[in-house]
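Asker:
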Amino acid sequence: MTLLPDHLVVRVHDLKQTVADFAELGFTILHGGTHADGTTHNALIAFADGSYIELIAFLKEAREHRWWDEQRRTGEGFVDFALLPDSVARAMEATYRRGLFYDGLVPGGRVRPDGTRLEWQIARPTTRDLPFLCGDLTPRFLRVPEGSAREHRNGAAGLASINVAVVDLDKSTARYRALLGDVPVHRATLTGQGVHVATLPIGTTTLVLLSPSGDAHGAAKPDETGNPSALAAELRTHLATRGEGLFGAALRVANASQARALPRRLTHAARLELVTAPSA
3 MTLLPDHLVV RVHDLKQTVA DFAELGFTIL HGGTHADGTT HNALIAFADG
53 SYIELIAFLK EAREHRWWDE QRRTGEGFVD FALLPDSVAR AMEATYRRGL
103 FYDGLVPGGR VRPDGTRLEW QIARPTTRDL PFLCGDLTPR FLRVPEGSAR
153 EHRNGAAGLA SINVAVVDLD KSTARYRALL GDVPVHRATL TGQGVHVATL
203 PIGTTTLVLL SPSGDAHGAA KPDETGNPSA LAAELRTHLA TRGEGLFGAA
253 LRVANASQAR ALPRRLTHAA RLELVTAPSA
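The sequence shown maps to residues 3 to 282 in our numbering.
Below, the structure written as structure tokens:
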């Protein structure tokens with residue numbers, strides 16, 4: 003069972019303003035429509051590799067929704083990501099055989115602005131470090147725009163890496179191997195950063211698990227200057243306020259002149275950068 007990157011989810015407060023801001027950054031954005039339960043609406047940034055970013059905003063209070071931000075305590079930014087299976091049911095069966103349990107099958111859908119109804123199925127993990135699974139029941143091209151919608155002025159062509167903040171690197175790595183199957187894992191410690199890393203391939207995208215090191219009291223270890231590293235501190239803040247899960251992402255561009263970190267005032271707190279990276 004092959005799993006590929008499907009989409010990243012950015013929760014925002016004002017969808018119209020967010021669309022304008024991402025357009026200023028050089029992205030092509032399509033309005034997605036309103037979800038079947040009437041709780042949220044979205045806009046999509048689709049890439050040539052078939053993945054996309056979902057910009058999602060709430061239309062009404064929804065305390066039962068997994069992405070609801072009560073009183074906007076955690077704010078805007080990345081909240082989740084999904085992988086695409088050939089079949090959600092078969093993917094769940096495969097992960098179960100490897101000792102990993104997903105809840106499903108959960109129906110989903112939305113109505114596009116042109117009136118087209120889309121349907122899909124979702125399976126949700128029992129831990130927050132893992133992605134959910136999203137599989138189409140209607141043709142995928144109806145959900146994910148094709149053609150010129152996948153071309154962007156800033157050169158973004160697809161997901162180079164997906165970065166996930168985790169508490170226990172060993173446990174999260176084991177869960178991802180149960181999810182993805184027998185894939186290679188590379189472990190490292192970022193010198194001077196106080197951050198442990200594990201990388202796994204998902205198609206042509208690299209999954210990066212990031213875990214800050216610490217002392218017995220959980221304080222971040224200092225770098226060579228004697229100060230806690232900025233990355234370790236940011237990871238700890240993320241884990242304390244948002245919990246485990248999607249931390250950031252890098253989008254692939256062809257030219258080094260296009261590579262840059264995108265300003266978070268325009269990405270609505272999502273950690274996004276454009277990088278030159280091989281597509282395979």
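The beta-carbon is built from N, C-alpha and C at its ideal position, and this holds for glycine as well. Predicted model only: the values in this text are computed from it and were never measured.
Tell me whether the region 11–30 and the region 73–88 touch, counting them as touching only if at least three CB pairs, one residue from each stretch, are closer than 8 Å.
Answerer: In short, these stretches touch, since the Cβ pair count reaches three.
Asker: Between the beta-carbon of residue 101 and the beta-carbon of residue 200, is there less than 8 Å?
Answerer: No.
Asker: Looking at residue 49 and residue 84, is the spacing between their C-beta atoms short of 8 Å?
Answerer: No.
Asker: What whole-angstrom Cβ distance do residue 279 and residue 254 have, given they're in contact under 8 Å?
Answerer: Between residue 254 and residue 279 the Cβ distance is about 5 Å, and since that is below 8 Å, they are a contact.
Asker: Short check: CB of residue 285 to CB of residue 132, under 8 Å?
Answerer: Residue numbering for the chain in the displayed model covers 3 to 282; residue 285 lies beyond these limits and cannot be assessed.
Asker: Nearest to residue 164 by alpha carbon, out of 250, 33, 103 and 109?
Answerer: Looking at the Cα atoms, 250 is the closest of the given residues.
Asker: Let me make sure I understand the geometry here. Which of 41, 118 and 92 has the alpha-carbon closest to that of residue 124?
Answerer: Nearest of 41, 118 and 92 to residue 124, Cα basis: 92.
Asker: From 66, 69, 26 and 35, pick the residue whose C-alpha is nearest to that of residue 146; which is it?
Answerer: Taking only the C-alpha atoms, the option nearest residue 146 is 35.
Asker: In chain order, which beta strand (DSSP E) runs of at least 3 residues are fully inside the region 64–138?
Answerer: List check, beta strand (DSSP E) in window: 79–87, 104–113, 119–127 and 134–138.
Asker: Pull up the distance between the alpha-carbon of residue 21 and that of residue 168, whole angstroms please.
Answerer: Distance between the alpha carbons of residue 21 and residue 168: 30 Å.
Asker: What first and last residue would you give for the alpha helix (DSSP H) that runs through residue 249?
Answerer: Here residue 249 belongs to no alpha helix (DSSP H); instead the beta strand (DSSP E) covers 247–255.
Asker: I'd like the list of long-range same chain contacts for residue 18, defined as Cβ closer than 8 Å, with 5 residues on each side in sequence excluded.
Answerer: Nothing listed; no residue qualifies.
Asker: Between the beta-carbon of residue 269 and the beta-carbon of residue 76, is there less than 8 Å?
Answerer: No, these two residues do not count as a Cβ contact at 8 Å.
Asker: Please classify residue 275: does DSSP put it in a helix, a strand, or coil?
Answerer: Note: residue 275 maps to strand in three-state DSSP.
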